[in-house]
Amino acid sequence: MLGKFFDKVKDGLARTRAAMTETIAAVVPLGTRLDDDAIDDIEAALIGADMGLETATEIVDELRDRLRDEQIADGPAGVMRILEEQVAGIVALDEGGALPLEGPLPGKPYVILIVGVNGAGKTTTAGKLAKRYADAGKKVVMAACDTFRAAAIPQLEIWAERANADLVRAQAGADPAAVAFDALAAAKSRGADVLLVDTAGRLHNKVNLMEELKKIRRSLAKQNPGAPHETLLVLDGTSGQNALMQAREFNEVTELTGLALTKLDGTAKGGIVVALRREMALPVKLIGVGEGVDDMQPFDGAAFAKALFAE
Ligand SMILES: Nc1nc2c(ncn2[C@@H]2O[C@H](COP(=O)(O)OP(=O)(O)OP(=O)(O)O)[C@@H](O)[C@H]2O)c(=O)[nH]1
Ligand SMILES: [Mg+2]
29 MLGKFFDKVK
39 DGLARTRAAM
49 TETIAAVVPL
59 GTRLDDDAID
69 DIEAALIGAD
79 MGLETATEIV
89 DELRDRLRDE
99 QIADGPAGVM
109 RILEEQVAGI
119 VALDEGGALP
129 LEGPLPGKPY
139 VILIVGVNGA
149 GKTTTAGKLA
159 KRYADAGKKV
169 VMAACDTFRA
179 AAIPQLEIWA
189 ERANADLVRA
199 QAGADPAAVA
209 FDALAAAKSR
219 GADVLLVDTA
229 GRLHNKVNLM
239 EELKKIRRSL
249 AKQNPGAPHE
259 TLLVLDGTSG
269 QNALMQAREF
279 NEVTELTGLA
289 LTKLDGTAKG
299 GIVVALRREM
309 ALPVKLIGVG
319 EGVDDMQPFD
329 GAAFAKALFA
339 E
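Per our numbering, the sequence shown starts with residue 29, numbered consecutively.
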């Protein structure tokens, strides 16, 4: 289980890990106690990785407490073990939080609505999910509800072809709620297992766009009262503390069930996942660690923490 997830995530988080572990290796002495300067440097490294000031402070406070009476004989490795434990504790998933990718799904079709700001990685996430479900033997339908940008439909079409999924689409400019309605009807009549609904990028403070999102939700729920089963907010992992703000604000205006963090491979700031877990009562369900179809993983907190601090 851990193997494949771990390798992908470890590769994806290489820059974040290198930035932190290089500092730790440089400031933690072997066989003596940690002094305050070293603790401050560790805190700065955690903040540099975008864990957020409060999270970093909480982590180093505990580190200081734990090391007060304990000599860390193995130096940096011992410190990293403690940091890994602390991060694992913060990011641990709530029970039932993971997105089911195989086996029985909680709805037929299981409807996943994908939302977020422009360029966050929504369409890519929808495409990667389509492939994962198809590979697990599920029949997948995709709904092209980004009718705003003309280029959005062909982009989704390419992903649908890769996953051998059916695509339900309309003319550019069509009402996305109507596309969602038609897509769910098609998914039901074709006996699909999963319906992935890709939407246009939107900002939480644009009232008409948030109304449009509500309308999409209503048109899904009208046919299947449980739908959408998931509303995933896709966040660009390189957008730093901005991602935290987006999560808070989207969560206020729509009912999210979880977060998907993308582009963690391109950044030294993967600690944002830790900040998000600490601040939001929402699980991180997926992480994207590359542009390829297999570069998306269900989130596993223990493996994530290990990938951040493993040597
Ligand atoms: N390196 C990397 N790139 C990614 C990842 N996920 C998405 N991208 C890239 O990010 C860019 C934007 O992705 P899209 O999926 O088009 O984003 P979107 O949210 O659908 O964008 P709009 O529909 O324009 O709002 C593309 O170039 C993707 O290849 C990831 O996990 N890692
Ligand atoms: Mg898109």
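C-beta: ideal position from N, C-alpha, C; glycine also.
In this structure, residue 146 has its CB closer than 7 Å to one or more heavy atoms of ligand 1. Taking a contact as a CB-CB distance under 8 Å, the pair residue 127 and residue 326 counts as one, their CB atoms being some 6 Å apart. Under the rule that a run must span 4 or more residues, the alpha helix (DSSP H) segments found entirely inside the region 230-285 read 235-251 and 269-281.
The bridge partners DSSP lists for residue 224 are 140 and 170.
Selection 33, 41 and 71 evaluated against residue 51 yields 71 as nearest (Cα-Cα). Only residues of its own chain outside the window of five on either side were considered, and among them 228 have a CB closer than 6 Å to the CB of residue 176, listed in chain order. Nearest C-alpha to residue 252 among 89, 139, 131 and 129: 139.
Residues with their Cβ less than 5 Å from any non-hydrogen atom of ligand 2, running along the chain, are 150 and 151. With a threshold of 7 Å, the Cβ atom of residue 319 counts as near ligand 1, since some heavy atom of the ligand is closer than that. In this structure, residue 291 has its beta carbon less than 7 Å from a heavy atom of ligand 1.
Judged by DSSP secondary structure, residue 155 falls within the alpha helix (DSSP H) whose first and last residues are 150-163. Boundaries of the alpha helix (DSSP H) harbouring residue 183: 180-190, taken from the DSSP string. The beta carbon of residue 67 sits closer than 8 Å to the beta carbons of 88, 91 and 92 from its chain, once the five residues preceding and following it are set aside; these are given in chain order. For the 8 Å CB-CB criterion, residue 276 and residue 119 do not form a contact. Taking the Cβ of residue 262 as the reference point, at least one heavy atom of ligand 1 falls within a distance shorter than 7 Å. Here residue 274 is buried. Its C-beta has 16 or more other C-beta atoms within 10 Å. Distance from the C-beta of residue 268 to the nearest heavy atom of ligand 1 is not below 7 Å.
At the C-beta level, residue 315 and residue 224 stay beyond 8 Å of one another. Bounds of the alpha helix (DSSP H) holding residue 81 are 81-96. Take the alpha-carbon of residue 168 and the one of residue 110: they are about 42 Å apart. Using a C-beta cut-off of 8 Å, the region 51-65 makes no contact with the region 252-272, since fewer than three inter-stretch Cβ pairs fall below that distance.
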